[in-house]
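Visitor: Numbering-wise, the numbering used here comes out as the position in the sequence shown, counting from 1, plus 21.
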Amino acid sequence: MPSIFERALGPDFARLHPQLQRRFRVGLDTGEACVGTGVMHRVWNAGLVVQPFLALGRRRNILVAETGHDLPFRIENYPYADSYGRETVTFVRTFPHSRFDATMIYDETRAQVLDYLGSHQHIAAPLQLAVDDRGGLVIRSGRQRLLEGPLAVRIPSAATGTAVVSEHYDDRIERFRIAVTVSNPLLGRIFGYWGTFTAAYVDVAEHGVPASVRPRREDARR
């Protein structure tokens with residue numbers, strides 16, 4: 022079966038750079054995981070105005086509270102079937118003093134990838150995927166929903182942010198480049214980072230999926 026990203030992009034998947042095709046072909050069918058290691062050349066946020074949100078999110082591995090230059094990081098993309106039988110791919114980004122967790126599935130009803138944020142999947146957001154002229158992948162997040170106890174409600178746009186992720190492969194330096202910006206309709210740009218990394222591929226059948234990258238709670242709501 023095609024990966025969740027192949028299904029979401031359809032024929033456009035073939036327009037991705039070959040290195041991105043392999044990276045985003047990670048899934049149950051390939052049996053491979055992708056583990057990236059590199060450096061974020063800058064991690065920044067809007068300062069005091071967003072600190073309460075970052076502090077709260079840090080408790081559940083949502084966003085990155087630290088800032089700085091040339092910070093080492095690791096991104097782990099492991100495929101597995103969750104407790105609801107859905108093919109899931111982890112996006113666990115680890116920095117020196119914080120971690121940003123996400124797990125993604127393919128939502129058949131919307132024909133797009135659905136992103137669950139945090140260690141407890143308390144926030145869900147649909148993702149729009151597109152391929153740019155460089156063969157890079159551009160991801161834009163949609164309206165977020167809060168999944169807490171019996172609640173499954175849309176989060177007001179003023180209380181959240183829209184993320185734009187751009188990833189491409191730089192043949193000159195033989196590394197992936199990534200840039201992320203989160204913007205709020207009232208405050209403007211509130212958070213972001215950019216950097217480069219290399220990728221290694223892991224045989225999941227041989228090595229398994231580390232328990233540390235899986236969420237502590239799973240939610241089937243969309």
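Glycine included, every Cβ here is placed at the ideal spot set by N, Cα and C.
Mind checking whether Gly-157 and His-38 have CB atoms under 8 Å apart?
Guide: Here residue 157 refers to the residue found at position 136 of the sequence shown. Here residue 38 refers to the residue found at position 17 of the sequence shown. Cβ atoms of Gly-157 and His-38: closer than 8 Å.
Visitor: Please name the residue, chosen from Tyr-127, Gly-106, Phe-74, that lies closest to Ala-179 on a Cα-to-Cα basis.
Guide: On the sequence shown, residue 179 is found 158 positions in, with the first residue counted as 1. Answer by Cα proximity: Phe-74.
Visitor: Using only CA atoms, which one of Thr-217, Asp-240, His-189 lies nearest to Arg-43?
Guide: As a position in the sequence shown, residue 43 is number 22, starting the count at 1. Arg-43 has its Cα closest to that of His-189, out of Thr-217, Asp-240, His-189.
Visitor: Please work out which residues of its chain come closer than 7 Å, Cβ to Cβ, to Ala-123, disregarding the five sequence neighbours upstream and downstream, and give them in chain order.
Guide: Counting from one through the sequence shown, the residue named residue 123 turns up at place 102. So the qualifying residues of the chain are Phe-112, Asp-136, Tyr-137, Leu-138.
Visitor: Rounded to whole angstroms, what is the Cα-Cα separation between Ala-145 and Asp-191?
Guide: Residue 145 sits at position 124 when you count from the first residue of the sequence shown. Residue 191 sits at position 170 when you count from the first residue of the sequence shown. Each residue's alpha carbon lies about 31 Å from the other.
Visitor: In its own chain, which residues sit with a C-beta less than 6 Å from the C-beta of Gly-78, not counting the 5 before and 5 after it?
Guide: In the sequence shown, residue 78 corresponds to position 57, counting from 1. Hits under 6 Å: Leu-84.
Visitor: Take Arg-120 and list the residues in its own chain whose beta-carbon comes closer than 6 Å to its own, dropping the five residues that flank it on each side.
Guide: Numbered from its first residue, the sequence shown carries residue 120 at position 99. Within the same chain, Arg-120 has close Cβ partners Asn-82.
Visitor: Quick one: measure Cβ to Cβ for Ala-184 and Gly-52, integer angstroms, because I've assumed they're closer than 8 Å.
Guide: Indexing the sequence shown from 1 puts residue 184 at position 163. Indexing the sequence shown from 1 puts residue 52 at position 31. Their Cβ separation, rounded to whole angstroms, is 29 Å, which puts Ala-184 and Gly-52 out of contact at 8 Å.
Visitor: Is any heavy atom in the ligand ZN found nearer than 7 Å to the beta carbon of Ala-67?
Guide: Absent from the structure shown: the ligand ZN. Ligands present: none.
Visitor: Which partner residues of Asp-128 appear in the DSSP bridge assignment?
Guide: Counting from one through the sequence shown, the residue named residue 128 turns up at place 107. Beta-bridge pairing links Asp-128 to Gln-133.
Visitor: Could you check how far apart the C-beta atoms of Arg-243 and Asp-103 are, in whole angstroms? I think they sit under 8 Å.
Guide: Within the sequence shown, numbered from 1, the residue matching residue 243 stands at position 222. Within the sequence shown, numbered from 1, the residue matching residue 103 stands at position 82. Not a contact, Cβ separation roughly 14 Å.
Visitor: Could you give the C-beta distance for Gly-216 and Phe-94, rounded to a whole number, given that I count them as a contact under 8 Å?
Guide: The count along the sequence shown starts at 1 and reaches residue 216 at position 195. The count along the sequence shown starts at 1 and reaches residue 94 at position 73. Their Cβ separation, rounded to whole angstroms, is 7 Å, which keeps Gly-216 and Phe-94 in contact under 8 Å.
Visitor: Quick check: what's the CA-CA separation for Leu-49 versus Gln-72?
Guide: In the sequence shown, counting from the first residue as 1, residue 49 sits at position 28. In the sequence shown, counting from the first residue as 1, residue 72 sits at position 51. Cα-Cα distance, rounded: 38 Å.
Visitor: Starting from the C-beta of Val-203, find all residues in its chain whose C-beta is less than 6 Å away, skip the five residues before and the five after it, and write them out in chain order.
Guide: To locate residue 203, count along the sequence shown from 1; it is residue 182. Gly-182, Ala-184, Ile-211, Phe-212.
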